[in-house]
Amino acid sequence: MRPIDYGITNYELVSLKNIKQETLIKMNNTLGIMLLIDKPNLKVKSIEELIRISKEIVENMPKEEQEKFNRHKKAFIELFKKRVGFKEDIEEFKEIEEMEASTMFDTLEKIAKRDREEAKLEGKKELVLEILNQKFGEEFDKELEEKIKKASEEKINKIKKNILKITIDELKEILE
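As numbered in our numbering, residues 565 to 740 make up the sequence shown, in order.
And the structure:
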């Protein structure tokens with residue numbers, strides 16, 4: 565903390581890095597939850613855990629603090645999206661500000677789960693593309709690559725299961 569003199573009033577700059585996570589949770593108010601979400605060195609195992617902690621804080625706030633949180637929900641959502649790297653165009657975020665806090669947290673959980681599943685599928689596709697590209701070389705053209713990028717999880721799993729013995733013709737058949 566470093567004191568700053570602005571004439572009549574003195575202010576201290578505080579780094580969120582220096583405030584313990586538990587301290588912010590124990591604040592049990594809107595400011596505490598906003599600071600917690602924005603804390604640079606926040607230690608949580610998953611997005612779901614962060615949502616659970618946030619939901620518990622809001623549920624345990626006094627009534628007037630819950631009302632204050634509802635007035636500042638948009639700021640919370642923006643901080644949350646920034647924290648977890650959600651895309652701006654997720655449809656649910658347009659409606660989420662109007663929801664009750666508990667419904668909002670449930671929706672955030674669903675979005676996080678779906679986002680994680682999509683990322684997992686993208687990872688599978690990238691791995692399959694890399695292996696098939698090495699296996700088939702020039703036979704593996706851009707058209708096949710695009711089909712794999714657009715393929716369903718079912719097709720990707722089928723390719724992945726047989727990746728060591730699959731032929732280029734079998735691959736084309738699966739992707740039709």
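Where a beta carbon is used, it is the ideal one built from N, C-alpha and C, also for glycine.
DSSP-derived helix/strand/coil call for residue i
i              : result
glutamate 576  : strand
valine 608     : coil
lysine 711     : helix
aspartate 705  : coil
glycine 596    : helix
leucine 728    : coil
isoleucine 583 : coil
serine 716     : coil
glutamate 690  : helix
Cβ neighbour criterion (16 or more within 10 Å) applied to residue i
i              : result
glutamate 629  : buried
asparagine 605 : exposed
leucine 595    : exposed
valine 578     : exposed
asparagine 726 : exposed
lysine 689     : buried
asparagine 582 : exposed
leucine 728    : exposed
arginine 624   : Going by the sequence as given, residue 624 is asparagine instead of arginine. Exposed, since its Cβ has fewer than 16 Cβ neighbours within 10 Å.
Proximity test, Cβ basis, 8 angstroms: residue i and chain C
i              : result
isoleucine 695 : Protein chains in the displayed structure number just one, and chain C is not present.
Sequence-distant residues of the same chain with beta carbon closer than 6 angstroms to residue i, five excluded per side
i                 : result
lysine 637        : Glu661
phenylalanine 633 : Thr594 and Val622
Sequence-distant residues of the same chain with beta carbon closer than 7 angstroms to residue i, five excluded per side
i             : result
lysine 719    : Ile738 and Leu739
aspartate 733 : none
Close-in-space but distant-in-sequence residues of the same chain around residue i (CB under 8 angstroms, 5 per side omitted)
i             : result
glutamine 585 : Leu600, Lys603, Leu606 and Lys607
glutamate 612 : Glu673, Ala676 and Lys677
- Can we say the stretch 657 to 673 touches the stretch 616 to 635, given the rule of at least three CB pairs closer than 8 angstroms? In this structure the stretch 657 to 673 touches the stretch 616 to 635; the number of beta carbon pairs closer than 8 angstroms is three or more.
- Quick one: any contact between the stretch 709 to 718 and the stretch 688 to 696, if contact means 3 or more CB pairs under 8 angstroms? At 8 angstroms Cβ cutoff, the stretches touch.
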